[in-house]
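Here's the structure we're looking at; comments come further down.
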Amino acid sequence: MPLDLSKAAWLYPLRGIYYFLSHRFLWPLFKTRLIPIVLLSAFIYTLLFLFAYLPQVAFLAIFQGAGAWVNGAFLVLGEGAAIVAALFEAFFVDETLVDIFDAVMVSEGQGELVASSRVLYPQGDDVVKRLGKPTHSAVYAPFSLRQILEFIFLLPLNFIPVAGVPMFLVLTGYRGGPFHHWRYFQLLDLSKQQRKERIRKRQLQYTTFGTVALVLQLIPVLSMFFLMSTAVGAALWAVEMENKRDLLGRRCDRTENYRDDERSPSLSDRCPAQYSAKASRGSKGGNLRVG
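With full-length UniProt numbering applied, the sequence shown covers 1 to 291.
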């Protein structure tokens, strides 16, 4: 079976940008809550480049020569990203990311899955207005002090000439990638062990996704927009996973009561229970309201 590069995990943060720009129902989520924080982010990066960039370049030049200008920029961008990430938590941006993720899931045909965790109204001017209050804990990516400390701990990798910046990006992407599907894991009602197993099976994909997402979020001023567009990309990837799961489930159900000869075991013998379309998608039930 040929490899479909259009479905590569690292492309989803980029696909999220196009999807966000081409679907107007997402725009109010950016305008109403996040423009002030974008301006605040621009203020933070301006201060860092005015007062922290040149001193750090001077220090790096002792070890790296001309390369200090590039690595110094990445170092300051990383510091800014850490500060902005803390501000995101302070301004409750996570709630907006949950709405973005859920809206894309509903728009792409996964309303039943979203309805297992929040009220979903059948009517509304657009998908976002159909979203009701969550009936269970709704978190896009949980606050992780450990992740922030690891991010700060990895920043000195930028001191290493040439290889330092790629190492920093990949290692940070390795740790941060799976957090972009935390909401998806919530919707599936996965246990901690099930989450770990899913992440383990797709660790390389999550690493590439997280690395590209980090590169986008290091872009000054636009980092807030790219955080939201990455949430869109994470939802599109989750939709693709669910579509594959549904397809395999239908195949399993068609052969559920069929047995071939002993030399050729049926598909149902090879189908895990969780891929059956008859299997429950979660114990919480739906919350689709009428009227």
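Glycine is no exception: its CB is placed at the ideal position from the N, C-alpha and C atoms.
Reduced DSSP secondary structure (H/G/I, E/B, other) of residue i
i: G132; result: strand
i: S229; result: helix
i: F59; result: helix
i: H181; result: helix
i: L267; result: Since pLDDT at L267 reaches only 46, below the 50 mark, its modelled position is unreliable, and the value read off the structure follows with that caveat. Correct three-state label for L267: helix.
i: Y140; result: coil
i: Q110; result: coil
i: V93; result: helix
i: A8; result: coil
i: P13; result: helix
i: M102; result: Checking the sequence shown, residue 102 turns out to be Asp, not Met. DSSP places D102 in helix when its eight states are reduced to three.
i: D246; result: helix
i: L222; result: coil
i: R146; result: helix
i: S191; result: coil
i: P28; result: helix
i: R202; result: coil
i: P36; result: helix
i: V165; result: helix
i: I160; result: coil
i: A115; result: coil
Reference residue i; option with closest CA among the options
i: Q147; options: G210, Y184 and P161; result: G210
i: L29; options: V98, Y53, G173 and L50; result: V98
i: M224; options: K129, T96, G124 and F153; result: T96
i: I83; options: V104, F101, T46 and A234; result: T46
i: S229; options: I35, W69, L26 and E108; result: L26
i: F168; options: P156, F179 and I35; result: P156
i: A217; options: T32, I35 and S41; result: Looking at the sequence itself, residue 217 is Gln, so the reference to Ala does not match. The shortest Cα separation from Q217 among T32, I35 and S41 belongs to S41.
i: E240; options: L227, V106, K192 and Y121; result: V106
i: Q205; options: V170, P142, S191 and K192; result: V170
i: F20; options: F43, F51, A86 and A103; result: A103
i: L113; options: L187, Q56, V57 and G173; result: L187
i: A73; options: A115, Q56, A86 and L87; result: Q56
i: P36; options: V93, S144, L50 and W10; result: V93
i: H181; options: P161, L87, Q64 and A138; result: A138
i: W69; options: Q110, I44, V162 and L145; result: V162
i: P142; options: D125, F185 and R130; result: F185
i: L145; options: A115, A86, G65 and F226; result: A86
i: G16; options: K192, L227, R245 and L248; result: L227
i: L39; options: F51, L131, L214 and P220; result: P220
i: H23; options: V128, A115, L54 and F51; result: V128
Neighbourhood of residue i by C-beta distance below 7 Å, restricted to the same chain and skipping five residues each side
i: R175; result: Q147 and E150
i: F101; result: Y140, R183, A231, A234 and A235
i: G164; result: N71, L157 and N158
i: residue 294; result: With the chain running from 1 to 291 in the structure shown, residue 294 is simply not present.
i: I62; result: none
i: K7; result: E240
i: L214; result: L169, T172, G173 and G176
Inter-residue CB distance, residue i and residue j (contact presumed, cutoff 8 Å)
i: F159; j: L60; result: 6 Å
i: Y18; j: W237; result: Not confirmed; about 14 Å, so no contact.
i: L190; j: R198; result: 7 Å
6 Å Cβ shell around residue i - same chain, five flanking residues per side excluded
i: K133; result: V119
i: V212; result: W10 and P13
i: D126; result: F25
i: L222; result: none
Close Cβ partners of residue i (< 8 Å) along its chain, the five nearest in sequence each way excluded
i: T208; result: A8, A9, W10, G173 and G177
i: E108; result: A235, L236 and V239
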